[in-house]
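If you read the sequence shown in our numbering, its first letter stands for residue 40, the second for the next number, and so on.
Just so it is clear, CB atoms sit at the ideal spot from N, CA and C, and this is done for glycine as well.
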Amino acid sequence: MLFDVVLPLAIGLAASSLVMAALWFVQRRTGNAGIVDVAWAGLVGLLGLFFAAWPAGILWLRMLAGAMIAGWSLRLTIYLFRRVVGHPEEGRYAELRRRWGDQAERKLFSFFQIQALAAWLFATPNMAIARSATPPREWCVAFAVVLWFMGVGGVSLADWQLARFKRRPEAKSRTCREGLWRYSRHPNYFFEWLHWNSYILLATTSSFWWAPVLVACGLLYLLLFVTGIKPTEAQAIASRGDDYRDYQRTTSPFFPWPPRTK
């Protein structure tokens, strides 16, 4: 038990903490704390692969789970890298520096370490799947793969539609209502959450089946009530005002749904 579960978890957490500590020094030199987002996405994938590669459980199931988390991580890491590296620091991190004042660097170090812990937690579904003694039912595996493609594909499509809209001159004062954004104010958040549900199906025969359940439920709570919709919409109202308030009145906040009539 120690070798199969506790040891890889301890190694993964220590490695995640060290990487984020090193990147904290990097952001001190560059003045861009947004690198933490890039690192978080990459670490989840690397830790997930590490947990899947640890010799235990069913090989094909470990390989499938590893491929799924690696594919998700690679897409998000590249997307965030292009958005962060070589660009000014995002407004939310600049606001944190302003709010924290002289304590900014110390508090940013704590923030980076919290993100290290979060990356480790989001990789634990792969540990749960890799420790399955018996394979899940075939329909669970098939449905998990379908959910994964729907989730990753949906996020990619939503990001592309929003990026295309933002290239237009009117995007500074108008809200994207095209494609998936017609049916949800945050389709990227919804499909991101949908992707994490795929690991629940792969862990149905694991003693640690609850790990991916907790991750999916925790993410849903964060998106709905803490770090997702609320701060994003506050910033949208500040920049787009009544246009975004009108969007709120007609469009579902999270789950895709036909828009309401005014």
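By Cβ distance below 8 Å, which residues in the same chain neighbour residue i in space, the five residues on each side in sequence not counted?
{"i": "Asp198", "result": "Tyr118 and Asn227"}
{"i": "Ala104", "result": "Gly87, Ala91, Pro164, Asn165, Ile168, Ala169, Tyr238 and Leu241"}
{"i": "His225", "result": "Leu262, Gly267, Ile268, Thr271, Pro292 and Phe293"}
{"i": "Val65", "result": "Ile74"}
{"i": "Leu201", "result": "Cys215, Trp220 and Asn227"}
{"i": "Thr116", "result": "Val77, Ala80, Gly81 and Gly84"}
Excluding five sequence neighbours on each side, which residues of the same chain lie with their C-beta closer than 7 Å to the C-beta of residue i?
{"i": "Leu258", "result": "Trp232 and Trp235"}
{"i": "Cys210", "result": "In the sequence as displayed, the identity of residue 210 is Ala instead of Cys. So the list reads Phe204, once near-sequence residues are dropped."}
{"i": "Ile97", "result": "Ser171 and Pro174"}
Taking the beta carbon of residue i as the centre, do at least 16 other beta carbons fall within 10 Å, making it buried, or is it exposed?
{"i": "Leu46", "result": "exposed"}
{"i": "Trp249", "result": "exposed"}
{"i": "Gly172", "result": "The residue you asked about is not Gly; residue 172 is Ala in the sequence shown. By the neighbour-count rule (16 or more Cβ atoms within 10 Å), Ala172 is not buried but exposed."}
{"i": "Ile74", "result": "buried"}
{"i": "Gly357", "result": "In the structure as shown, the chain begins at 40 and stops at 301. Residue 357 is therefore absent and cannot be evaluated."}
{"i": "Ala255", "result": "buried"}
{"i": "Trp99", "result": "exposed"}
Once you ignore the five residues that flank residue i on each side, which residues in its own chain have a CB closer than 6 Å to its CB?
{"i": "Ala275", "result": "Tyr283"}
{"i": "Val191", "result": "Trp111 and His234"}
{"i": "Arg101", "result": "Ala91 and Ala169"}
{"i": "Lys146", "result": "Trp139"}
{"i": "Val252", "result": "Ile239"}
{"i": "Thr243", "result": "Pro175 and Cys179"}
{"i": "Met107", "result": "Trp187"}
{"i": "Phe230", "result": "Gly190, Gly193 and Val194"}
{"i": "Asp76", "result": "Leu119"}
Quick one: is the Cβ of residue i within less than 7 Å of any heavy atom of the ligand GTP?
{"i": "Ser212", "result": "Absence of the ligand GTP from the depicted structure is noted, as is the absence of any ligand whatsoever, leaving it without description."}
Please check the pair residue i and residue j, which I expect to be a contact at CB under 8 Å, by giving their CB distance rounded to whole angstroms.
{"i": "Phe151", "j": "Leu62", "result": "7 Å"}
{"i": "Gln142", "j": "Met59", "result": "That belief does not hold up - the Cβ atoms of Gln142 and Met59 are roughly 18 Å apart, past 8 Å."}
{"i": "Trp79", "j": "Ala157", "result": "7 Å"}
{"i": "Trp159", "j": "Gly51", "result": "6 Å"}
* To do: Write down every uninterrupted run of the alpha helix (DSSP H) in the region 210 to 245 whose length is 4 residues or greater and which is fully enclosed by it, in chain order.
  => 226 to 241
* Are there three or more Cβ pairs, one per stretch, closer than 8 Å when the region 213 to 226 is compared with the region 293 to 300? -> yes
* Asked: Quick check: the region 182 to 198 against the region 259 to 279, are there 3 or more CB pairs under 8 Å?
  -> no
* Is the number of C-beta pairs between the region 65 to 73 and the region 121 to 141 that are closer than 8 Å three or more? -> yes
* Asked: What alpha helix (DSSP H) runs, 4 residues minimum, are completely inside the region 55 to 107?
  -> 74 to 92
* Complete alpha helix (DSSP H) runs within the region 264 to 296 (minimum length 4 residues, chain order) -> 268 to 279 and 281 to 289
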